[in-house]
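Chemist:
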Amino acid sequence: MSNRRQLSRVLAAATLLLVVSGMVVALALVRPDRADFTFCNGTEIKTVDPALVTGQPEGRVVWAVFEGLTSYHPQTLEPLPGVAESWEISPDGKRYTFRLRREARWSDGRPITAEDFHWSFQRLLHPETAAEYAYEMWYVSHAEQYTAGRVAVGDPVEIELPDRPPGAAPFARGTVLYGRLLAVEGLGSVPASNDGPAADDAPASGDPSGEPVYVVEIGGRRRRFQRASAVPRDPAAEDYDWLLYDFRRVGIQVVDPHTLRITLNHPVPYFLEIVGFYPMSPVPRHCVERYGYPAWTKPENIVCNGPFILKSRRIRDRIRLEKNPYYWDSDHVRLNSIDVLAVESAVTGLNLYLTGSSDWIPSVPNEIVPDLLRSGRTDFRPAPYLATEYYIFNTRRKPLDDARVRRAIAMAVNKQEIAARVLRSGQIPAASLVPEDIAKYVDYQPPRCEPYAPERAAALLAEAGYPGGGGMPRLELLYNTHESHQAIAELLQSQWKRSLGLDVRLTNQDWARYLASRRQGEFWISRAGWIADYLDPNTFLEMFTTGNPNNHGGWSRPEYDALVSAAQVEARPEVRMRLFRRAEEILLQEMPLIPLYWPVTRNMVQPRVRGFYPNILDIHPLKDIGIDDIGIDAGDPTARGSTMRNWCVGDRPWPWW
Amino acid sequence: MIRFLVSRGVWLVITLWAVFTVSFCLMRAVPGGPLDRERRLDPQIERNLAARYHLDDPFWKQYSRELGNVIRFDLGYSYRMADFTVNEIIAQGLPVSAALGGAAMLFALLLGIPAGIVSAVRRNGPADRILMTAATLGIALPNFVIAGFAIILFVFLVPIFPAAGWGTPAHIVLPALCLGAPYAAYIARLTRTGMLDVLRADYIRTARAKGLSPAAVIFRHALRTALTPVVSFMGPAVAGIVTGSPVVEKIFAIPGLGVHFVEAAIQRDYTLAMGLVLLFTLLLYGANVLVDAAYVLLDPRVKLR
Chain U
0 MSNRRQLSRV LAAATLLLVV SGMVVALALV RPDRADFTFC NGTEIKTVDP ALVTGQPEGR
60 VVWAVFEGLT SYHPQTLEPL PGVAESWEIS PDGKRYTFRL RREARWSDGR PITAEDFHWS
120 FQRLLHPETA AEYAYEMWYV SHAEQYTAGR VAVGDPVEIE LPDRPPGAAP FARGTVLYGR
180 LLAVEGLGSV PASNDGPAAD DAPASGDPSG EPVYVVEIGG RRRRFQRASA VPRDPAAEDY
240 DWLLYDFRRV GIQVVDPHTL RITLNHPVPY FLEIVGFYPM SPVPRHCVER YGYPAWTKPE
300 NIVCNGPFIL KSRRIRDRIR LEKNPYYWDS DHVRLNSIDV LAVESAVTGL NLYLTGSSDW
360 IPSVPNEIVP DLLRSGRTDF RPAPYLATEY YIFNTRRKPL DDARVRRAIA MAVNKQEIAA
420 RVLRSGQIPA ASLVPEDIAK YVDYQPPRCE PYAPERAAAL LAEAGYPGGG GMPRLELLYN
480 THESHQAIAE LLQSQWKRSL GLDVRLTNQD WARYLASRRQ GEFWISRAGW IADYLDPNTF
540 LEMFTTGNPN NHGGWSRPEY DALVSAAQVE ARPEVRMRLF RRAEEILLQE MPLIPLYWPV
600 TRNMVQPRVR GFYPNILDIH PLKDIGIDDI GIDAGDPTAR GSTMRNWCVG DRPWPWW
Chain Y
0 MIRFLVSRGV WLVITLWAVF TVSFCLMRAV PGGPLDRERR LDPQIERNLA ARYHLDDPFW
60 KQYSRELGNV IRFDLGYSYR MADFTVNEII AQGLPVSAAL GGAAMLFALL LGIPAGIVSA
120 VRRNGPADRI LMTAATLGIA LPNFVIAGFA IILFVFLVPI FPAAGWGTPA HIVLPALCLG
180 APYAAYIARL TRTGMLDVLR ADYIRTARAK GLSPAAVIFR HALRTALTPV VSFMGPAVAG
240 IVTGSPVVEK IFAIPGLGVH FVEAAIQRDY TLAMGLVLLF TLLLYGANVL VDAAYVLLDP
300 RVKLR
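Residue numbers (numbering that gives the first Met the number 0), protein chains in the order written: chain U, 0 to 656; chain Y, 0 to 304.
Here's what the structure looks like:
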């Protein structure tokens, strides 16, 4: 008995010790002192490796620690000099020569050269990196071929031999040979084809059957290459890791250590924005090759070139950024330290903001937006945003292949009611795919689709052979599980029932499943949203061309494709915009989509913050942000007349639950 | 005792393998995968990504590779937080969740057991009624409702605690309170029931007859047996509370494992979801073995076999 009692005491003591030590461990990794500027970033970022990121939260961090050839003006979004201090564009708009500033350095003090950019772009485009944004650089000549691993007979090629040292970090390359592809021999069944893109998917595909043999001329000798895994193996062939288009022939050339020349397939008016976009930031070769991915992104290893450096990182907690003393423009960087909080919930973010623990929250909960607007607070100002919420029709299914049916369904949607009853926070009912606010930045005025007209819609549906909705199959509306998507879907369901007599079933699916259904075309009508990557109608209109991976509804019109591709290669801006407008007119006559509304930004920024401007891409470079602890500067638009008083109980802000 | 532990160890391995296999098949069977995005990837880029993560291999090859990695304790890199291995994510998140869970459990025990004792001893009195009503409320009210009230009270009206975050002892109080409240309520009810049973037992009457003080009867004789149901409840409860609560962690922005659990499932982060499922299995199993062992210490009538 006493033995037992002792044991139970030991057990209790051990448990207590465990709990206490656990707390100590968890709390020992305490935060450093408060940063100059703290903001909620929405979620934990995927990575800080510029080549591998997508998404707004990631962009905010990557833009703070890296800088590309250009950067963005925080207000007008004009491309500003970044690492490149100047550039020249050839008269045909296809060749860009960037002069890099000599004072640009990595955060370990090494100079940044054109060679760094060359290597970083190669890494971005290399299929092994599998960069999601690689396609943004496909405007560069032969870049797409390089990423896709597409080689044709006669092409210059590079072959990487499988001799990477064991345990080498990814992308530390083995021996690379350069030569000219003489022939592609498909052993057995696959005959060598000489016309067109010969070996379409050969080097990158993992299909072991019929691995072709590549005959390459290297230094005057013919050598044969085939994967070692090939089933009927050519005994004379050598193994290889990658066989790609010769990167030295891709349109990215180092002229001298401070001059980089980029050649495009066709003029791209927004190319200066593209090279400033965060995936196109340079990465330090010496660091990446030494540690490999992802070890090089650890705070203790990372070398970067942006206004800030990555000081520490705790998963789903915070990222601490500190001013980079080697940054070329560090005199103009106003913040010494920044905390990036990975706060997932908008309500929690708001609580942190209201208690002064966060200086900026990029979104507020939907439910409180009307209250915020009524309160007259000046630290909450929704602003237009270059994005569109819309529904797409699956035009592969009858009767949605009939434009009259689609138009009828679209015309029966009362978008004003959506904005007024569901959204209630300043969203604009959309009359086109490209948001009208783009006109403030580029010379494009989108056409407008047919307005809300329930009687005409009913007549049109009858004309198509479905009077009063009779004979229509039961349509389904697919959306991902989310409160406001659900509310809109329910509202539209009742609108369609009322004016067309249509019974539409609602289907909600979790995010990943919804994406899969949409990709596989398993829907009738589906919710969709699109955020612009750059300031040009192309970012929206390209999506509806035949074969585009994002054309989920399968709509296809040769005239539309022709107009969009003509516009893409057109050098004269006014002709280009006219072509785009013509294309969008066709789109809005055919209605493979229902534009619903244009979302607005929902930033909330403390009055003491300076240098924060609303803009249509919702990009807010941290470099330009400053803090004013003295008082309210009447000249600054973000600070005029703070009306905290409306919001307080006593002297404390009121929670918004 | 040793035979007991060895046989439990063997069963643990079998359980982990079964959980691994079922989770692996379920994850692959659910539509949607880690490469799905709002904007669809270019087919070529998608192929490159699939090759990078070996998602283009046949099912059995993927299965055997994953199983081999798990046996070597290499859970791989997370898909969603690509800079970190699953091991790193667990190493950072588990102490946080454990500290929070530990604090919540401590709070639940310190509140629940005395409340249970009091209401058993003062059965049907006003103290019993009040405590048991509170306990019912504690079980019935979901975490997030309690959290909402706690935040309004202690963050905004009487600002003594921070709204959210992690890093100082002040940050642990409100979440531990919200997380522990239902457990405290449950423990109070269990203690009360156990106590009522025991107080009617013969050996308690004997103890009383010997002239022991009521405190000695309750604490030295009755309580230890009365706590058996609490201990068996504690096993799974500790495993659950230590791996984190998604709701409380989300509301208070705590970097524990709970949010990872939910997000890994939603985002089809195969590696992270697998790692967390296996970790939870291990903890649950371990806690149950400990509970079985603890019975011996608490109740002289129980023998391990």
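Beta carbons: idealized from backbone N, C-alpha and C, even for Gly.
Computed from a prediction, not measured in an experiment: that's the story for all the values here.
In the DSSP assignment, find the unbroken alpha helix (DSSP H) run with Glu65 (chain Y) in it and report its ends.
Modeler: Phe58 to Ile70 is the extent of the alpha helix (DSSP H) around Glu65 (chain Y).
Chemist: Could you tell me if His53 (chain Y) is buried or exposed, where buried requires 16 or more neighbouring beta carbons within 10 angstroms of its beta carbon?
Modeler: Under this definition His53 (chain Y) is an exposed residue.
Chemist: Can you find the residues in the same chain that come closer than 6 Å, C-beta to C-beta, to Phe106 (chain Y), ignoring five residues on each side of it along the sequence?
Modeler: Same-chain partners within the cutoff: Ala175 and Gly179.
Chemist: With C-beta atoms as the reference, is Ile408 (chain U) less than 8 Å away from Trp495 (chain U)?
Modeler: Yes, they are a contact pair.
Chemist: Can you pull out the residues from the region 142-161 of chain Y whose beta carbon lies closer than 7 Å to at least one beta carbon of chain U?
Modeler: Cβ contacts with chain U come from Gly147, Ile150, Ile151, Val154, Phe155, Pro158 and Pro161.
Chemist: For the candidate residues Y:Gly243, Y:Arg188, Y:Gly239 and Y:Phe3, whose alpha-carbon lies nearest to that of Ser118 (chain Y)?
Modeler: If we check each option's Cα against that of Ser118 (chain Y), Y:Arg188 comes out closest.
Chemist: Does DSSP put Arg248 (chain U) in a helix, in a strand, or in coil?
Modeler: The answer is helix: DSSP assigns Arg248 (chain U) an H, G or I state.
Chemist: What first and last residue would you give for the alpha helix (DSSP H) that runs through Gln508 (chain U)?
Modeler: That residue, Gln508 (chain U), is in no alpha helix (DSSP H); its beta strand (DSSP E) goes Val503 to Gln508.
Chemist: Could you check if Val302 (chain U) is buried or exposed, using at least 16 other CB atoms within 10 Å of its CB as the buried criterion?
Modeler: It is buried - the Cβ of Val302 (chain U) has at least 16 other Cβ atoms within 10 Å.
Chemist: Identify the continuous beta strand (DSSP E) that holds Cys39 (chain U) and give its terminal residues.
Modeler: Unbroken beta strand (DSSP E) run through Cys39 (chain U): Phe36 to Cys39.
Chemist: Between Thr14 (chain Y) and the rest of its own chain, which residues show a CB-CB distance below 7 Å, the 5 nearest in sequence each way excluded?
Modeler: Result list for Thr14 (chain Y): Thr280 and Tyr284, in chain order.
Chemist: Residues of chain Y with CB closer than 7 Å to the CB of Ile314 (chain U), please, in chain order.
Modeler: Chain Y residues near Ile314 (chain U): Met80, Phe83, Ile88, Gln91, Gly92 and Pro254.
Chemist: Strictly under 8 Å for the Cβ-Cβ distance: is Asp358 (chain U) near chain Y by that measure?
Modeler: Chain Y contact via Cβ: absent.
Chemist: I'd like to confirm the pairing. Which residues does DSSP put opposite Ile44 (chain Y) in its beta bridges?
Modeler: Answer is none; Ile44 (chain Y) lacks a bridge partner.
Chemist: Would you mind sorting Trp10 (chain Y) into buried or exposed? The rule is 16 or more other CB atoms within 10 Å of its CB.
Modeler: When all chains shown are included, Trp10 (chain Y) counts as exposed.
Chemist: Going by DSSP, name the residue or residues bridged to Val183 (chain U).
Modeler: DSSP output for Val183 (chain U) lists U:Tyr213 as bridge partner(s).
Chemist: At the 8 Å Cβ level, is Asp32 (chain U) part of the contact set with chain Y, yes or no?
Modeler: No, Asp32 (chain U) does not count as interfacial toward chain Y.
Chemist: Taking only beta-carbon positions, decide if Trp510 (chain U) is within less than 8 Å of chain Y.
Modeler: So yes, Trp510 (chain U) belongs to the interface.
Chemist: Do three or more CB pairs link the region 378-396 of chain U to the region 603-616 of chain U at distances below 8 Å?
Modeler: Verdict: yes, contact present.
Chemist: Can you tell me which of the three DSSP states Phe97 (chain U) falls into?
Modeler: Phe97 (chain U): strand per DSSP, three-state reduction.
Chemist: CA-CA distance, Thr14 (chain U) and Gly100 (chain Y)?
Modeler: Approximately 13 Å between the Cα atoms of the pair.
Chemist: Cα-Cα, which of Y:Asn287, Y:Ala98, Y:Ala149 and Y:Ser22 is closest to Ala236 (chain Y)?
Modeler: Answer by Cα proximity: Y:Asn287.
Chemist: Identify the contact partners of Pro126 (chain U) in chain Y, using a Cβ-Cβ distance below 7 Å as the criterion.
Modeler: In chain order: Asn47.
Chemist: DSSP on Ala633 (chain U), reduced to helix/strand/coil?
Modeler: Note that Ala633 (chain U) has pLDDT 38, beneath the 50 cutoff, so the model's placement of it is unreliable and the number below is only indicative. Note: Ala633 (chain U) maps to coil in three-state DSSP.
Chemist: Can you look up Ile134 (chain U) in the DSSP assignment and give me helix, strand or coil?
Modeler: Note on residue identity: the sequence assigns Tyr, not Ile, to residue 134 (chain U). DSSP places Tyr134 (chain U) in helix when its eight states are reduced to three.
Chemist: Which one of U:Leu124, U:Asp535 and U:Pro620 has the shortest CA to CA distance from Asp41 (chain Y)?
Modeler: Of the listed residues, the one whose Cα sits closest to Asp41 (chain Y) is U:Leu124.
Chemist: In this structure, what does DSSP give as the bridge partners for Trp86 (chain U)?
Modeler: DSSP lists U:Phe97 as partners of Trp86 (chain U).
Chemist: So the candidates are U:Glu216, U:Leu271 and U:Asp240; which of them puts its Cα closest to the Cα of Gly81 (chain U)?
Modeler: Among U:Glu216, U:Leu271 and U:Asp240, the Cα nearest to that of Gly81 (chain U) belongs to U:Leu271.
Chemist: Can you tell me where the alpha helix (DSSP H) with Ser357 (chain U) in it begins and where it stops?
Modeler: Segment: none, Ser357 (chain U) is in no alpha helix (DSSP H) and carries neither H nor E.
Chemist: Are the Cβ atoms of Glu366 (chain U) and Trp241 (chain U) separated by less than 8 Å?
Modeler: For Glu366 (chain U) and Trp241 (chain U), no; Cβs fall outside 8 Å.
Chemist: Can you give me the start and stop residues for the alpha helix (DSSP H) that Tyr71 (chain U) sits inside?
Modeler: Where Tyr71 (chain U) is concerned, there is no enclosing alpha helix (DSSP H), although the beta strand (DSSP E) it sits in stretches over Thr69 to Tyr71.
Chemist: Tell me the rounded alpha-carbon separation between Ala133 (chain U) and Ala50 (chain U).
Modeler: Distance between the alpha carbons of Ala133 (chain U) and Ala50 (chain U): 8 Å.
Chemist: Which ranges would you report for the alpha helix (DSSP H) in the region 553-588 of chain U if only whole runs of at least 4 residues count?
Modeler: Taking only runs of at least 4 residues, the alpha helix (DSSP H) segments lying wholly in the region 553-588 of chain U are 557-568.
Chemist: Helix, strand or coil, according to DSSP, for Lys249 (chain Y) in the structure here?
Modeler: Here Lys249 (chain Y) sits in helix by DSSP.
Chemist: Considering just the uninterrupted stretch of the alpha helix (DSSP H) at Lys657 (chain U), what are its terminal residues?
Modeler: The question about residue 657 (chain U) has no answer, for chain U in this structure spans 0 to 656.
Chemist: Considering only C-alpha positions, which residue in the set U:Glu66, U:Phe38, U:Cys39 and U:Gly520 is nearest to Asp48 (chain U)?
Modeler: The shortest C-alpha separation from Asp48 (chain U) is found at U:Glu66.
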